[in-house]
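Going left to right, the sequence shown walks through residues 1 to 556 as UniProt numbering numbers them. The structure appears right after this line, and notes come after that.
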Amino acid sequence: MKEDRSFRGEIQLQGLHCPSCGDRVKQSLLMLPGVLEAEVDWEKGQAWVRSQRKPAKEEVQALLASAGYDLVGWRIEEVRSWEREEHSSEGSPRVIVIGTGAAGVAGAITAAELGASVTLVESSVLGGTCVNVGCIPSKILLQIAEVLHVARSHPFEGLSRVELALEAPKLWNQLKDRIRELREAKYQRVLSAYPTIRLIYGRARLESPQKVRVEGPKGEEWLEADRILVATGSSPAIPRIPGLLETPFWTSTEALEAGRIPEDLIVLGGSAVGLELGQAFARLGSRVTILEWQDRILPAEDPEISETLRRILEKREGISVLTSFRANRVSWKENRFWLEDETGKRLTAESLLVATGRKPNTEGLGLEKLGVKTDARGAILVNESLQTSVDGIYAAGDCTNLPQLVYVGAASGTKAALHMMGKEAKLDLSIVPVVVFTDPQVGTVGWTEAAARAKGWDVESRSLPLDQVPRALVNFQTDGFIKLVSDRRTGRLLGGQIIAPLAGDLIAALAIALRKEMTWQELAGGLCPYLVMAEGLKLCAQTFQKDVARLSCCAG
Numbered sequence: 001m002k003e004d005r006s007f008r009g010e011i012q013l014q015g016l017h018c019p020s021c022g023d024r025v026k027q028s029l030l031m032l033p034g035v036l037e038a039e040v041d042w043e044k045g046q047a048w049v050r051s052q053r054k055p056a057k058e059e060v061q062a063l064l065a066s067a068g069y070d071l072v073g074w075r076i077e078e079v080r081s082w083e084r085e086e087h088s089s090e091g092s093p094r095v096i097v098i099g100t101g102a103a104g105v106a107g108a109i110t111a112a113e114l115g116a117s118v119t120l121v122e123s124s125v126l127g128g129t130c131v132n133v134g135c136i137p138s139k140i141l142l143q144i145a146e147v148l149h150v151a152r153s154h155p156f157e158g159l160s161r162v163e164l165a166l167e168a169p170k171l172w173n174q175l176k177d178r179i180r181e182l183r184e185a186k187y188q189r190v191l192s193a194y195p196t197i198r199l200i201y202g203r204a205r206l207e208s209p210q211k212v213r214v215e216g217p218k219g220e221e222w223l224e225a226d227r228i229l230v231a232t233g234s235s236p237a238i239p240r241i242p243g244l245l246e247t248p249f250w251t252s253t254e255a256l257e258a259g260r261i262p263e264d265l266i267v268l269g270g271s272a273v274g275l276e277l278g279q280a281f282a283r284l285g286s287r288v289t290i291l292e293w294q295d296r297i298l299p300a301e302d303p304e305i306s307e308t309l310r311r312i313l314e315k316r317e318g319i320s321v322l323t324s325f326r327a328n329r330v331s332w333k334e335n336r337f338w339l340e341d342e343t344g345k346r347l348t349a350e351s352l353l354v355a356t357g358r359k360p361n362t363e364g365l366g367l368e369k370l371g372v373k374t375d376a377r378g379a380i381l382v383n384e385s386l387q388t389s390v391d392g393i394y395a396a397g398d399c400t401n402l403p404q405l406v407y408v409g410a411a412s413g414t415k416a417a418l419h420m421m422g423k424e425a426k427l428d429l430s431i432v433p434v435v436v437f438t439d440p441q442v443g444t445v446g447w448t449e450a451a452a453r454a455k456g457w458d459v460e461s462r463s464l465p466l467d468q469v470p471r472a473l474v475n476f477q478t479d480g481f482i483k484l485v486s487d488r489r490t491g492r493l494l495g496g497q498i499i500a501p502l503a504g505d506l507i508a509a510l511a512i513a514l515r516k517e518m519t520w521q522e523l524a525g526g527l528c529p530y531l532v533m534a535e536g537l538k539l540c541a542q543t544f545q546k547d548v549a550r551l552s553c554c555a556g
């Protein structure tokens with residue numbers, strides 16, 4: 001095995017005052033011969049580069065000086081390179097994976113473990129959406145917001161309620177540091193442990209079912225493979241509202257990188273991302289208005305979930321929620337956003353977050369020329385083995401017609417790799433738990449009552465308010481409920497909807513019960529530790545046959 005030499009440089013600078021400064025420094029560093037990657041944290045005055053050659057301090061200093069910045073610290077070390085030239089044994093399957101998010105990395109690792117020689121292609125930053133601008137940073141921001149909220153609004157009478165001082169730059173620096181740590185630990189180091197995975201950077205285009213052209217920092221490279229996996233992910237979808245593209249609006253990416261708390265914020269979109277970030281910024285100090293064009297927030301969920309969460313957001317959190325609002329004009333005047341609907345109603349705010357879903361990243365891949373079928377959104381159509389309409393080309397994750405969930409992406413990448421390596425593999429999406437990380441959380445799995453009836457089931461359902469769950473009572477957190485849907489004849493559990501603290505944990509447990517085709521009788525009769533939120537699942541199951549309000553504590 002032959003490895004390329006690779007160097008990592010850490011740079012300390014002076015003169016960075018804004019995100020644009022960071023962008024200029026990054027572009028300058030990428031101009032250095034041999035540099036493959038560059039990252040800049042303008043608030044800390046730090047930068048990092050990965051290079052095929054060892055740049056001299058003097059040339060880095062001169063380059064930065066020409067851009068108007070001072071080099072005050074420089075350290076470079078040789079590291080084990082992530083990009084290698086491999087010499088596989090004759091006959092070893094060759095696999096190209098395009099994209100390094102959850103689906104791509106899972107597919108690359110699985111293929112490598114089964115003996116393939118894998119070339120992994122990334123056009124931007126290693127790790128995809130989740131670790132860089134999605135799941136990880138958003139959950140950190142939500143946790144920060146929860147700490148602030150609990151300090152000022154906890155339910156205990158004998159404790160002071162305080163307004164914690166907030167220093168946004170420090171919080172965002174900590175957030176960025178954790179992202180960097182996780183990217184290095186879970187992607188860079190993991191991939192470096194697989195000698196038959198070669199990671200290269202550049203923009204890929206499929207030229208045939210066996211050939212991929214990559215335009216990268218080192219120029220054009222042609223790759224050949226026996227199988228190709230497209231795992232290019234998704235990006236924020238921007239609605240066609242007149243004037244919107246002429247304004248400096250945020251998507252979730254910009255919101256998570258903003259490093260500031262606007263005085264007031266309009267959120268366009270009342271589904272998971274809009275609700276999570278809207279509540280977070282409200283707790284961080286913004287006056288928040290959430291707009292949803294349909295008649296309720298979380299329109300894909302049980303109406304009772306939508307109604308309960310809206311009530312909590314409005315009454316407890318002070319968030320304004322407007323449904324059936326169709327913006328037909330957006331403008332930017334005097335450093336403020338102005339939105340107008342079809343009735344002439346106008347809203348204004350310092351910042352605007354567009355959270356109206358995500359679109360597959362499939363443009364420019366050459367799919368149409370090869371006959372790879374996509375839907376109207378551009379999502380690649382795949383079967384249960386993740387095969388596309390063209391033999392030898394697979395697709396996985398958010399760029400496909402699968403649910404846009406990171407764990408579905410990882411599972412689909414794994415299944416695709418198994419199938420292309422000759423294994424029997426099918427992606428089972430019969431039971432897919434979903435979580436919305438608001439407070440309280442929303443967790444759903446399986447059929448709603450209405451959907452089950454529409455499918456022809458004779459259903460029976462029960463709903464348990466949280467004031468009947470002992471752990472919720474002792475926590476003084478009784479907003480919400482647990483609902484179970486079952487087949488009336490057999491008692492088999494068909495679905496569940498939960499709005500509660502730790503609903504995500506509860507729904508993961510319920511998903512296992514559904515996968516095992518458990519009945520409500522089995523769930524009701526099982527042992528459960530006392531004073532855990534999961535006891536609510538058992539209590540809700542018991543309501544199919546008794547009034548749990550008449551039970552003593554921890555009654556079986």
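Ideal placement from N, C-alpha and C gives every residue a C-beta, glycine not left out.
9 Å Cβ cutoff met for residue i and residue j
| i | j | result |
| --- | --- | --- |
| Leu-199 | Leu-120 | yes |
| Ile-380 | Thr-444 | no |
| Leu-229 | Ala-416 | yes |
| Ala-282 | Glu-334 | no |
| Leu-164 | Ala-280 | no |
| Lys-186 | Val-131 | yes |
| Gln-52 | Gln-12 | no |
| Ile-238 | Val-354 | yes |
| Thr-441 | Gly-504 | Position check: residue 441 holds Gln in this sequence, whereas Thr was assumed. It is a contact, given that the beta carbons lie within the stated cut-off. |
| Gln-542 | Ala-513 | no |
| Glu-43 | Gly-259 | yes |
| Thr-289 | Asp-264 | yes |
| Ile-297 | Ser-271 | yes |
| Leu-484 | Phe-544 | yes |
| Thr-438 | Gln-497 | no |
| Val-225 | Ile-96 | Note that residue 225 is Ala in the sequence shown, not Val. Yes, the pair counts as a contact, with Cβ atoms nearer than the cut-off. |
| Leu-537 | Ile-499 | no |
| Asp-391 | Pro-209 | yes |
Exposure label - residue i; buried when at least 16 CB within 10 Å
| i | result |
| --- | --- |
| Trp-82 | Note on Trp-82: pLDDT 37, under 50, position unreliable in the model; no value is reported. |
| Gly-9 | buried |
| Lys-423 | exposed |
| Leu-427 | buried |
| Cys-553 | exposed |
| Gln-477 | buried |
| Pro-33 | exposed |
| Met-420 | buried |
| Gly-154 | Strictly speaking, residue 154 in this sequence is His, with Gly absent from that position. Exposed, by the Cβ-count rule. |
| Ala-395 | buried |
| Ser-89 | With a pLDDT of 42 at Ser-89, under the threshold of 50, the modelled position of that residue is not reliable, and no figure is offered here. |
| Asn-361 | buried |
| Met-31 | exposed |
| Pro-501 | buried |
Identity of the residues DSSP links to residue i by a beta bridge
| i | result |
| --- | --- |
| Val-25 | None; Val-25 has no bridge partner. |
| Tyr-201 | Glu-122 |
| Val-382 | Answer by DSSP bridge pairing: none, since Val-382 is not bridged. |
| Glu-307 | Bridge partners of Glu-307: none, in fact. |
| Asp-439 | Asp-439 is not bridged to any residue. |
| Ala-327 | Asp-341 |
| Gly-446 | Gly-495 |
| Tyr-394 | Leu-229 and Gln-387 |
| Arg-346 | Glu-340 |
| Gly-219 | Gly-216 |
| Val-14 | Position check: residue 14 holds Gln in this sequence, whereas Val was assumed. Paired residue(s): Asp-70. |
| Ile-76 | Gly-9 |
Boundaries of the beta strand (DSSP E) in which residue i is found, first to last residue
| i | result |
| --- | --- |
| Pro-360 | 358–360 |
| Pro-55 | Where Pro-55 is concerned, there is no enclosing beta strand (DSSP E), given that its DSSP letter is neither H nor E. |
| Ser-486 | 481–487 |
| Ser-235 | 234–236 |
| Thr-289 | 287–292 |
Extent of the continuous alpha helix (DSSP H) run through residue i
| i | result |
| --- | --- |
| Asp-177 | 168–183 |
| Asn-132 | 128–133 |
| Val-474 | 470–474 |
| Arg-283 | 272–284 |
| Ser-412 | 406–420 |
| Asp-505 | 503–515 |
Beta-carbon separation (whole angstroms), residue i vs residue j, contact threshold 8 Å
| i | j | result |
| --- | --- | --- |
| Val-330 | Thr-247 | 6 Å |
| Ser-486 | Leu-473 | That pair is no contact at about 26 Å. |
| Arg-326 | Asp-341 | 6 Å |
| Arg-205 | Val-212 | 7 Å |
| Gly-134 | Thr-100 | Not quite, the Cβ-Cβ distance comes to about 14 Å (not below 8 Å), so this is no contact. |
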